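Below is one structure, written out as structure tokens; comments come after it.
Number of protein chains: 2
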Amino acid sequence: MLSQAEENYLKEIYALGEETQKLVSTNSIAKKMKTKASSATDMLQKLANKGLVDYTKYKGARLSKKGETRAMVIVRKHRLWETFLVDKLGFSWDEVHDIAEQLEHIQSKTLTNRLDAFLEYPSHDPHGHPIPNTNGKIVASESIILAELKVDEEGIVVGVKDASDSFLKYLNKINITIGDTIKIVEIEPFDNSVTIDNNTQQITISGNVAKNLYIKSE
Amino acid sequence: MLSQAEENYLKEIYALGEETQKLVSTNSIAKKMKTKASSATDMLQKLANKGLVDYTKYKGARLSKKGETRAMVIVRKHRLWETFLVDKLGFSWDEVHDIAEQLEHIQSKTLTNRLDAFLEYPSHDPHGHPIPNTNGKIVASESIILAELKVDEEGIVVGVKDASDSFLKYLNKINITIGDTIKIVEIEPFDNSVTIDNNTQQITISGNVAKNLYIKSE
DNA sequence: AAATATTTTTAGTCTAATCTAAAAAATAGG
DNA sequence: CCTATTTTTTAGATTAGACTAAAAATATTT
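Those sequence lines, one after another, are chains A and B. First residue of the first sequence: 6, per the working numbering; consecutive thereafter. First residue of the second sequence: 6, per the working numbering; consecutive thereafter.
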């Protein structure tokens, strides 16, 4: 059985590797874990010994097959619990992360699967992130980012790429949430900011924000 | 914040002190925690330094006011989660203890209270144990033990004193569960075994079993 | 009450996960 | 391409929680 620390490292290595598919650096892991590079090195060596990561000194690490399986279980649990907190207990999507960070370490396969059933097998968590199935597989999603839409095109907000507290709070403030239908009114070539219409209002968001919103075409 | 180990000790000291109201011995704590007496001593000293237990060398320990408050929060969480697991996820009462042992350490007052609301403020967990309220108070229960009933008296099973796995499995086997109405048919003076009738069957249980069943008069 | 047995504490070790400081390797700039 | 900077690793220390072995206190027997 893995310790919570080991599980957290696996999860972060997964998250960092997801984007680039490349080796993850010791420093980037240390930063994510809010610890020192030396501590990250120690942990990488331990995880490598257990066969959970492929690690080359001074080069970086990536999850092994075995490590990825473990990571996906944790991601699955995290996202199921977030769904539970929002759908059943009435939390809002910007309140659930820290609690799910704790709940994701509860050990019980039966519990995870019964929770999944209780939630009626959700495919995405409250942030629009896909929930891996029992086998740790993520069903491919056909979403794109808002920044890829052109003027007059429409889509439905299905998720956020950046689920940080500050970003979610910002979305709450400007009244954008999952399920909103959004139409592109104007794109400012100078800074890539986008003016959108979500039926109730017309607002301008920065290019950066547009890159962090997942959209599905209607 | 307390570590999980500290929380577990507090909970066990509470459980051991509940019965007798007296000082709890180092050895009995060690046994409950499945550790060595020396480890228990270490922890008692630490908890005493934090003002969570009153501890006298070679004498034993009891929870301080502060320690009891903390213990009750943990007991409350444990029993709420057990209720969730049985009522919402369909576990049976003999399957939930180990999972609740993990869930009881999740830190979030809001979560605990929302869970309580979601479960519609249950007064007792699936084993019939009372659930402390937000202030850590247990609402007095008027139940007695089955062994105190006389021949021909009736009552409803409302809980078990011993919630051990083996006892719960035994009750399942002989088809006794919470809510059953039970009538005393005969008491054998020789060994205090009791023959009972729960409408569907007549069975004989040992005096020890009779001492571990809580009964409410109709 | 002395001798024996049991319980509890102390002293010293161990492991996991962290840290600081210093050494080693990799990268970047002139 | 060689020096400066950054990144990464190693070495050694620390803390929480557990352990063993031995010492100290308490309980039990005779």
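Glycine residues also receive a C-beta, built at the ideal position from the N, C-alpha and C atoms. Just so we're clear, the structure is a prediction, and the values are computed from it rather than from any experiment.
Less than 7 angstroms separating the beta-carbons of R119/B and L94/A? Mapped onto the second sequence, residue 119/B falls at position 114. Mapped onto the first sequence, residue 94/A falls at position 89. Closer than 7 angstroms, so yes.
Here's the rule I'm using: 16 or more other beta-carbon atoms within 10 Å means buried, otherwise exposed. How should V58/B be labelled? Working through the second sequence from its first residue, we reach residue 58/B at position 53. Label assigned to V58/B: buried.
Could you give the distance in angstroms between the alpha-carbon of K155/B and the alpha-carbon of I143/B? Position 150 of the second sequence holds residue 155/B. Position 138 of the second sequence holds residue 143/B. Near 28 angstroms, if we compare the C-alpha coordinates of I143/B and K155/B.
Let's test the definition: count the other Cβ atoms within 10 Å of the Cβ of G184/B and tell me whether it reaches 16, buried, or not, exposed. Here residue 184/B refers to the residue found at position 179 of the second sequence. With fewer than 16 other Cβ atoms within 10 Å, it is exposed.
Please report whether the beta-carbon of R119/A lies at a distance below 7 angstroms from any beta-carbon of chain B. Indexing the first sequence from 1 puts residue 119/A at position 114. R119/A counts as touching chain B.
Sufficient close CB pairs (3 or more, under 8 angstroms) joining the region 84-92 of chain B to the region 124-138 of chain B: Yes, since at least three Cβ pairs between the region 84-92 of chain B and the region 124-138 of chain B fall closer than 8 angstroms, the two stretches touch.
Spatially closest choice to N213/A from N204/A, Y175/A, N138/A, N203/A, by CA coordinates: Numbered from 1 along the first sequence, position 208 holds the residue referred to as residue 213/A. N213/A has its Cα closest to that of Y175/A, out of N204/A, Y175/A, N138/A, N203/A.
Going along chain A in order, which residues have a C-beta closer than 9 angstroms to the C-beta of I111/B? For the purposes of this step, residue 111/B is taken as the residue at position 106 of the second sequence. In chain order: I104, Q107, L108, I111.
Applying the criterion that 16 or more other CB atoms from any shown protein chain within 10 Å of the CB defines a buried residue, is T186/A buried or exposed? To locate residue 186/A, count along the first sequence from 1; it is residue 181. Answer is exposed; the Cβ neighbour count stays below 16.
Suppose the cutoff is 8 angstroms on Cβ atoms and the five residues either side in sequence are ignored; what does the same chain contact list for E12/A look like? The residue labelled residue 12/A in the question sits at position 7 within the first sequence. Answer for E12/A: R75, I79, E109, H110, listed in chain order.
CA-CA distance, M6/B and S113/B? Stepping through the second sequence from its first residue, residue 6/B is reached at position 1. Stepping through the second sequence from its first residue, residue 113/B is reached at position 108. For M6/B and S113/B, the distance between alpha carbons rounds to 12 angstroms.
Can you give me the Cβ contacts of I210/A inside the same chain, cut-off strictly under 6 angstroms, excluding the 5 residues immediately before and after it? Residue 210/A sits at position 205 when you count from the first residue of the first sequence. Closer than 6 angstroms at the Cβ level, and outside the excluded window around I210/A, lie V199.
Count the other CB atoms, across all protein chains shown, that sit within 10 Å of the CB of N217/B; report buried if there are 16 or more and exposed otherwise. Start at 1 with the first residue of the second sequence, and residue 217/B comes out as number 212. Burial call: buried.
So K93/A contacts chain B; which residues on that side make the cut at Cβ distance below 7 angstroms? As a position in the first sequence, residue 93/A is number 88, starting the count at 1. Under the 7 angstroms cutoff, chain B gives F123.
DSSP on Y175/A, reduced to helix/strand/coil? For the purposes of this step, residue 175/A is taken as residue 170 along the first sequence, with counting starting at 1. Three-state result, Y175/A: helix.
If distances are taken between C-alpha atoms only, which option among K71/B, D170/B, S169/B comes closest to N140/B? For this step, residue 140/B is matched to residue 135 along the second sequence. Minimum Cα distance to N140/B is reached at K71/B.
Please report how far the alpha carbon of M77/B lies from the alpha carbon of T31/A, in whole angstroms. Walking along the second sequence from the start, residue 77/B turns up at place 72. Walking along the first sequence from the start, residue 31/A turns up at place 26. M77/B and T31/A: Cα-Cα distance of roughly 42 angstroms.
Assumed close pair D167/B, D99/B - CB separation to whole angstroms, cut-off 8 angstroms: What you label residue 167/B is simply residue 162 of the second sequence in a count that begins at 1. What you label residue 99/B is simply residue 94 of the second sequence in a count that begins at 1. Actually they do not touch by this definition, with Cβ atoms about 12 angstroms apart.
For L173/B, decide whether its Cβ has a neighbour in chain A, counting only Cβ atoms nearer than 7 angstroms. Translated into positions along the second sequence, residue 173/B becomes position 168. Between L173/B and chain A, the shortest Cβ-Cβ separation is not below 7 angstroms.
If we ignore side chains and look at the alpha-carbon of each, how far apart do V190/B and S146/B end up? In the second sequence, residue 190/B corresponds to position 185, counting from 1. In the second sequence, residue 146/B corresponds to position 141, counting from 1. Roughly 26 angstroms between the two C-alpha positions.
Here's the rule I'm using: 16 or more other beta-carbon atoms within 10 Å means buried, otherwise exposed. How should A45/B be labelled? Walking along the second sequence from the start, residue 45/B turns up at place 40. With 16 or more other Cβ atoms within 10 Å, it is buried.
Three-state secondary structure (DSSP) of T46/B: Taking the first residue of the second sequence as 1, we reach residue 46/B at position 41. Note: T46/B maps to helix in three-state DSSP.
Only counting the same chain, and skipping five residues up and downstream in sequence, which positions put a Cβ closer than 8 angstroms to that of I192/A? As a working note, residue 192/A is residue 187 in the first sequence. Taken in chain order, the residues that qualify are K155, V156, S198, V199, T200.
Complete beta strand (DSSP E) runs within the region 29-101 of chain A (minimum length 3 residues, chain order): 58-61, 65-68
Excluding the five sequence neighbours on either side, which residues of its own chain have a C-beta within less than 7 angstroms of the C-beta of K64/A, listed in chain order? As a first step, residue 64/A must be located in the first sequence, where it is residue number 59. Excluding its 5 nearest sequence neighbours in each direction, K64/A has C-beta neighbours in its own chain below 7 angstroms: L28, listed in chain order.
Range covered by the beta strand (DSSP E) that runs through Y219/B: Stepping through the second sequence from its first residue, residue 219/B is reached at position 214. Its beta strand (DSSP E) spans residues 218-221.
Given K37/B as reference, the closest of A215/B, Y14/B, K62/B once Cα atoms are compared: Looking up residue 37/B in the second sequence gives position 32. For the residues A215/B, Y14/B, K62/B, the minimum Cα distance to K37/B belongs to Y14/B.
Just the C-alpha distance for L21/B and S33/B, rounded to the nearest angstrom, thanks. To locate residue 21/B, count along the second sequence from 1; it is residue 16. To locate residue 33/B, count along the second sequence from 1; it is residue 28. Using only the alpha carbons, I get a separation of about 8 angstroms.
In three-state DSSP terms, what is I18/B? On the second sequence, residue 18/B is found 13 positions in, with the first residue counted as 1. In this structure, I18/B counts as helix in the three-state DSSP scheme.
Taking the alpha-carbon of I18/B as reference, which of S69/B, K41/B, S8/B has the nearest alpha-carbon? As a first step, residue 18/B is located in the second sequence; it is residue number 13 there, counting from the start. Residue S69/B is the option with its Cα nearest to I18/B.
Whole angstroms are fine: how far does the CA of F96/A sit from the CA of A10/A? Along the first sequence, one-based indexing puts residue 10/A at 5. Along the first sequence, one-based indexing puts residue 96/A at 91. Taking the straight line joining both Cα atoms gives about 26 angstroms.
Compare the C-beta of L85/B with all C-beta atoms of chain A and state if any pair is closer than 7 angstroms. To locate residue 85/B, count along the second sequence from 1; it is residue 80. Taking Cβ atoms only, chain A never reaches closer than 7 angstroms to L85/B, which makes this a no.
Would you say L7/A reaches chain B, if we count a Cβ-Cβ gap shorter than 7 angstroms as a contact? Within the first sequence, the letter at position 2 stands for residue 7/A. For L7/A, the answer is no, since every Cβ of chain B falls outside 7 angstroms of its Cβ.
Buried or exposed for K82/A, please, with buried defined as at least 16 other CB atoms from any protein chain shown within 10 angstroms of its CB. Indexing the first sequence from 1 puts residue 82/A at position 77. Buried, by the Cβ-count rule.
Could you work out which residues of chain B lie near L68/A, taking near to mean beta carbons separated by less than 9 angstroms? One-based indexing of the first sequence puts residue 68/A at position 63. Within 9 angstroms Cβ-Cβ: nothing; L68/A doesn't reach chain B, min ~25 angstroms.
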